[in-house]
Amino acid sequence: MFDNTTTRGWRFSAMAALAAAAILTGCGGDDGGTVVPRAQGSTTQAGTGNSAGSSAQASVEESTYTDGIFVDNSGDGYFQFDTNFPATFTAVTGAIVVESYLAQQGDKQFGSRPQWPAGASFALNQSTQAYITADGAEEVFGYQDMDWGPVGAISKRTPQGFQFSLDKLPTPLYDVALTAVDVSGQAVADVLAKDSRSVNGGLAALMASDKTPMPAGSHIYQTTETVLTTNIWMLRDWSGNGFYPTLEAAQVDNGGTIRTLGAYRYLDHPGDNTALVEYNGKIDAGEIRKQGDVLTDLPLGYNRVAATFIAQEIQKALQPR
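For the sequence shown, position 318 matches number 318 in the UniProt record's numbering, and the numbering has no gaps at all.
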């Protein structure tokens, strides 16, 4: 993905590949499903109204929406799929479904529960990431394209989801909005084709011929994240690849402006959100996420009905023939 054979041959176009492996902007077209309304009354905004009663009602409604999805054994469930490829990247050899959950109502920390419906079990595809803000930096270990999972904590519940933060950073990073879409009756292949992780991970290709209709009650969750605190995100698994010895050397080849975020210097790049960052004595590639930016095209979530059914279909597809 990166051409690291020479530092001066590296260009910011390589950063586009890094960004594509994480979170991209620009959600694609019609989802082909029906948006599921929130629970009655949950359109009330937090803090609206002019009485303590209305604020309390909003708080209850916000908690109900998030907990109604994630609370273990009682919520609708939030599941995601991942796959395993051989070294040749020619075909999926195994699949995993991961449940993100809250142990009980009001909890702030997500748990993660993996299951292997088909093929040999394999390690969850996770990575080390770093976040830099004006207040400091924190490294986390988790999904590289869904960073609010086990690594993040809910700092505030909202009518459509929640805000989340990390332990060492005092301000929340993102406002996460979850939109439930009813995909009952749609073909399994069509549903997986909407999921960026399934497309990139080969699952959509594996199931491309599966026209079995999804059962009644099947929902997907479309996710958007609004940046609340300007930050630089880095995928540390690819750190220290010798991009450049200094930011000044990178600036000669690529232009841009050397700036500072908190205690860290970085080189921005005109026209996009990529950056090179001085971090732990090395120059690393990063992605600038500015307050107010909206991140879309995130992996889908699936409720329990949808995930259970798709897992069964995957199991059939991976059976020896």
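Where a beta carbon is used, it is the ideal one built from N, C-alpha and C, also for glycine.
Note that the coordinates shown come from a computational prediction; the quantities given were computed from them, not determined experimentally.
Backbone secondary structure at Val140 - three-state DSSP: Here residue 140 refers to the residue found at position 140 of the sequence shown. The answer is strand: DSSP assigns Val140 an E or B state.
Which residues in the same chain have their Cβ closer than 6 Å to the Cβ of residue 366, if we skip the five residues on either side of it in sequence? Because the chain here runs from 1 to 321, residue 366 falls outside it and cannot be looked at.
DSSP on Leu173, reduced to helix/strand/coil? If you number the sequence shown from 1, residue 173 lands on position 173. The DSSP-derived three-state label of Leu173 is coil.
Can you check which of these residues, Val181, Pro270, Asp293, Asp72, is closest to Gly106 by C-alpha distance? Translated into positions along the sequence shown, residue 106 becomes position 106. Nearest Cα to Gly106 within the set Val181, Pro270, Asp293, Asp72: Asp72.
By DSSP's criteria, Arg265 is part of a beta bridge. Which residues make up the other side? To locate residue 265, count along the sequence shown from 1; it is residue 265. DSSP, once it has assigned bridges, lists Thr260 as partnering Arg265.
From Ala311, Gly161, Trp233, pick the residue whose C-alpha is nearest to that of Leu178; which is it? Mapped onto the sequence shown, residue 178 falls at position 178. Closest by alpha carbon: Gly161.
Within 8 Å, do at least three Cβ pairs link the stretch 125 to 137 to the stretch 263 to 280? With a cut-off of 8 Å, the stretch 125 to 137 and the stretch 263 to 280 count as touching, because enough Cβ pairs lie within range.
Taking the beta strand (DSSP E) that Gly161 belongs to, which residues open and close that run? Working through the sequence shown from its first residue, we reach residue 161 at position 161. Unbroken beta strand (DSSP E) run through Gly161: 161 to 165.
Cβ distance (whole Å) where Ile232 is taken to contact Gly286 below 8 Å: Start at 1 with the first residue of the sequence shown, and residue 232 comes out as number 232. Start at 1 with the first residue of the sequence shown, and residue 286 comes out as number 286. Ile232 to Gly286, Cβ: 5 Å. Contact.
Looking at the strands, I want to know which residues DSSP matches up with Ser209. Residue mapping note: residue 209 aligns to position 209 of the sequence shown, counting from 1. Partner(s): none; Ser209 has no beta bridge.
Buried or exposed (CB count within 10 angstroms, at least 16 for buried), Lys316: Here the question's residue 316 lines up with position 316 in the sequence shown. Exposed, since its Cβ has fewer than 16 Cβ neighbours within 10 Å.
Going by C-alpha distance, which of Tyr65, Val191, Tyr221 is nearest Thr158? Translated into positions along the sequence shown, residue 158 becomes position 158. Relative to Thr158, the option among Tyr65, Val191, Tyr221 whose CA is nearest is Tyr65.
Is it true that the stretch 286 to 295 meets the stretch 244 to 254, where meeting means three or more beta-carbon pairs spaced less than 8 Å apart? Not touching, per the Cβ criterion.
Per DSSP, which residues does Ala153 bridge with? Please list them. Translated into the one-based positions of the sequence shown, residue 153 becomes position 153. Under DSSP, Ala153 forms a beta bridge with Gln109, Ser165.
First and last residue of the beta strand (DSSP E) that includes Asn231? To locate residue 231, count along the sequence shown from 1; it is residue 231. If you look at Asn231, you'll find it in the beta strand (DSSP E) that goes 231 to 235.
Go to Val252, then tell me how far its alpha helix (DSSP H) extends in each direction, as first and last residue. Translated into the one-based positions of the sequence shown, residue 252 becomes position 252. 247 to 254 is the extent of the alpha helix (DSSP H) around Val252.
Out of curiosity, what's the CA-to-CA distance linking Leu169 and Pro114? For this step, residue 169 is matched to residue 169 along the sequence shown. For this step, residue 114 is matched to residue 114 along the sequence shown. Cα to Cα, Leu169 sits roughly 28 Å from Pro114.
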